[in-house]
Amino acid sequence: MIILQVQDVAKRFNGENIFSGVNLNIQEKSRIALVGQNGAGKSTLVKVIMGEMTADEGSISEKKNLTVGYLAQDTGLDSNKNIYDEMESVFDDLKKTEQKIHNLEVQMSEEGPSMSPDDFSELSKTYDNLRADFEQNNGYSYEAEIRGVLHGFGFGEDDYDHKINELSGGQKTQLALAKLLLEKPDLLILDEPTNHLDVDTITWLEGYIKNYSGSLLIISHDRYFLDQIVNEVYEMAHKTLKHYQGNYTDFVKQKEMQTATRMKEYEKQQAKIAKLQEFVDKNIVRSSTTKQAQARRKQLEKMDVIEKPVDYTKVARFAFTPSKKSGENVLKVTNAAIGYDHILSEPVNFEVKRNQAIAIVGPNGVGKSTLLKSILGKIPFIKGSSHYGTGVDVGYYDQEQQNLHRGKKVLNELWDDHPTTNEGDIRSILGSFLFSGDDVDKLVADLSGGEKARLLLTKLAMQHNNFLILDEPTNHLDIDSREVLEKALKSFDGTILFVSHDRYFINQLATSTIEISADGSKIYLGNYNYYVDKKAEQDAYKEREEQKELAKNPHLHDKPATTDKQNYQNNKEAQKQLRKLTREVAALEEQIDDLNNQKSEIETQMTLPENFNDVQKSADLQTKLSEIEVEISKTEDTWEEKSIELESFN
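Structure (structure tokens):
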């Protein structure tokens with residue numbers, strides 16, 4: 017069933033089309049990605065859908081009473097409440113129902129014995145209806161749901177009393193998304209939801225919204241995230257929208273195939289045109305072949321000429337060319353402790369060899385960027401050291417963009433570093449990174465995040481280093497620019513050490529992955545997928561060994577855990593038990609819903625004349641109804657027991 021439909025919509029600014037002829041169908045349970053270059057009109061289309069802007073042409077229709085939740089990019093939650101109270105406000109209606117149930121229970125207990133049977137029956141019916149509604153809307157476990165979502169975004173019980181307006185912008189954005197997830201609108205529209213999230217949180221979010229009951233429309237540059245979530249892609253390009261089936265990787269393959277097919281058709285027709293034209297040119301003046309030439313000329317005139325496939329999207333042309341080769345040994349980090357006033361991670365040990373591309377991963381706050389700055393000598397290691405090899409020339413990309421001068425023009429930002437290069441060459445280089453015309457006279461302070469990222473990459477490309485240290489290089493870049501950057505780095509004849517949350521980027525580039533945690537560094541000899549698979553294998557192996565040890569010594573875990581390792585293992589077991597309980601509660605809720613549906617169906621059948629007039633059929637249905645009610649009662653008891661256990665566990 018279509019819940020929202022966009023039909024032939026156009027939007028213009030100052031008489032110029034942003035897009036036109038746009039069609040989009042959102043079904044129940046849709047999982048849709050909206051992709052396209054920065055500035056293509058994706059966010060504008062969403063604002064038109066939300067009614068924040070009006071369409072110049074076309075129409076938007078939606079299902080009656082459709083609820084839509086929209087999280088704009090980098091939009092934070094604005095509230096004077098503390099974190100838990102704000103999340104709990106989602107369930108205000110449920111809490112009112114809960115209070116009504118409690119009041120009725122008191123009334124039935126105190127006034128019930130003195131009521132007439134009819135009055136008591138009516139009161140009981142009201143109570144049953146309220147309780148059924150309360151159960152159906154997750155009344156007995158909404159508090160556990162709040163805690164689960166907050167935990168997924170990294171907010172523990174110690175954070176619940178913090179005032180939202182005192183938090184960072186990133187935290188406010190995370191809480192805005194958390195509240196939307198708890199509200200469960202029919203349609204959830206998310207613009208760059210993975211911004212400000214570390215890999216662990218993004219992975220949790222993927223798991224959560226895979227099971228989201230409503231429909232999803234997602235704008236994102238996180239291609240790995242899109243591959244995990246969506247099964248439809250709409251691309252905004254050439255000022256309109258085109259639809260593809262499948263996830264992001266499927267979309268890329270289909271697009272490449274379509275372009276290749278179109279190019280073959282174009283080249284085939286061009287060859288035919290050339291052959292016909294050659295015949296016309298040679299034979300039009302000969303009396304013996306004039307008619308044949310005229311016939312071919314008419315054939316040419318009537319031909320529906322295929323336009324040459326052109327990529328109208330402008331993308332930067334990154335290229336990194338080292339001026340010299342380094343030695344085989346590029347970098348060695350030995351027994352390092354990283355941090356500022358306290359240690360974030362130790363011991364960190366690894367080596368980097370020439371032509372390797374090594375990704376550094378780990379949760380936010382563990383010191384990944386700090387590690388890079390310590391290697392570069394910008395801040396000291398608390399312990400340990402790092403050393404470069406022979407002939408190493410380092411180039412650094414800073415995610416905080418502090419290497420740019422806000423007061424300079426774009427042209428001078430580059431030219432001042434290379435004063436002997438003539439202005440024409442500087443302008444040409446900037447043009448390859450999409451700075452042309454008046455763009456080169458803009459102040460750095462006035463550039464967007466994406467423009468600053470491209471300017472930093474321009475500066476880096478001009479240095480011709482053989483060892484690139486990159487801190488979140490894909491931040492602020494649209495998908496097309498990310499893919500161009502990937503190709504440039506893959507063809508780079510040098511060495512790369514980089515920090516990134518972009519798992520798709522890591523998969524494309526990394527030859528090895530280093531995980532940084534509070535316990536130091538661990539090296540995995542492959543890309544992100546290899547790292548995830550190996551971690552899963554290691555966790556499974558540890559679990560098997562623990563089970564073997566427990567079988568040998570059943571009282572092994574009776575002793576209090578005192579070491580960090582024991583605390584880690586106990587916490588891991590607790591998380592496993594929490595996941596198991598959550599699954600059991602969810603399964604029981606589905607079972608209760610199914611049983612209630614069966615009960616309703618039987619009750620409907622009992623009202624049919626052909627059944628209530630037939631004594632035997634009526635008796636059989638009554639027997640089935642009684643059995644179902646017993647089963648519902650047992651399942652509800654089990655559900656209540658598990659829900660209480662889950663709440664106590666949380």
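In this note's numbering, the protein residues as written are 17 to 666. Glycine included, every Cβ here is placed at the ideal spot set by N, Cα and C. If you're wondering where the values come from, they're calculated on a predicted model, not measured in any experiment.
> Does DSSP put residue 543 in a helix, a strand or coil?
Replying inline: coil
> Which parts of the segment 58-123 are runs of the beta strand (DSSP E), unbroken and 3 residues or longer, counting only runs that do not cross its ends?
Replying inline: 73-78, 84-87
> Hey, how far is the Cα of residue 218 from the Cα of residue 166?
Replying inline: 13 Å
> Nearest CA to the CA of residue 203: which residue from 19, 523, 140, 519?
Replying inline: 19
> Could you give the distance in angstroms between the alpha-carbon of residue 29 and the alpha-carbon of residue 76?
Replying inline: 19 Å
>> Between 449, 467, 497, 373, which has its C-alpha nearest residue 484's C-alpha?
In response: 373
> residue 373 bridges to which residues according to DSSP?
Replying inline: 512
> With residue 50 and residue 22 assumed to form a contact (beta carbons below 8 Å), what rounded beta-carbon distance in angstroms separates them?
Replying inline: Contact doesn't hold; Cβ gap of about 11 Å is too wide.
> With respect to the beta strand (DSSP E) encompassing residue 350, which residues constitute its N-terminal and C-terminal limits?
Replying inline: 345-355
> Whole-angstrom Cβ separation of residue 26 and residue 78, contact assumed at under 8 Å?
Replying inline: Not quite, the Cβ-Cβ distance comes to about 19 Å (not below 8 Å), so this is no contact.
> Helix, strand or coil for residue 452 per DSSP?
Replying inline: coil
> Rounded to a whole number of angstroms, what is the C-alpha to C-alpha distance between residue 653 and residue 120?
Replying inline: 21 Å
> With 16 as the cutoff for other CB atoms within 10 Å, does residue 650 come out buried or exposed?
Replying inline: exposed
> Roughly how many angstroms separate the alpha carbons of residue 262 and residue 493, rounded to a whole number?
Replying inline: 23 Å
> In this structure, does DSSP put residue 361 in helix, strand or coil?
Replying inline: strand
>> As a quick exercise: from 610, 24, 159, 187, pick the residue whose alpha carbon is nearest that of residue 95.
In response: 187
> Does the distance from the CB of residue 482 to the CB of residue 340 come in under 8 Å?
Replying inline: yes
> Counting along the chain, where does the alpha helix (DSSP H) carrying residue 430 start and finish?
Replying inline: 426-431
> Going by beta carbon distance, what residues of the same chain come within less than 6 Å of residue 240, once the five residues before and after it are set aside?
Replying inline: 519, 520
> Between residue 82 and the rest of its own chain, which residues show a CB-CB distance below 7 Å, the 5 nearest in sequence each way excluded?
Replying inline: 19, 20, 202, 203
>> Helix, strand or coil for residue 36? Go by DSSP, reduced to three states.
In response: strand
> Out of 378, 356, 420, which has the shortest C-alpha to C-alpha gap to residue 389?
Replying inline: 356
> Do you know offhand how far residue 192's Cα is from residue 536's?
Replying inline: 33 Å
>> Which residue marks the beginning of the beta strand (DSSP E) containing residue 413, and which one marks its end?
In response: 410-413
> Can you list, in chain order, the residues of its chain whose CB lies under 7 Å from that of residue 101, leaving out five sequence neighbours each side?
Replying inline: none
> Which class does residue 557 belong to by DSSP, given the choice of helix, strand or coil?
Replying inline: helix
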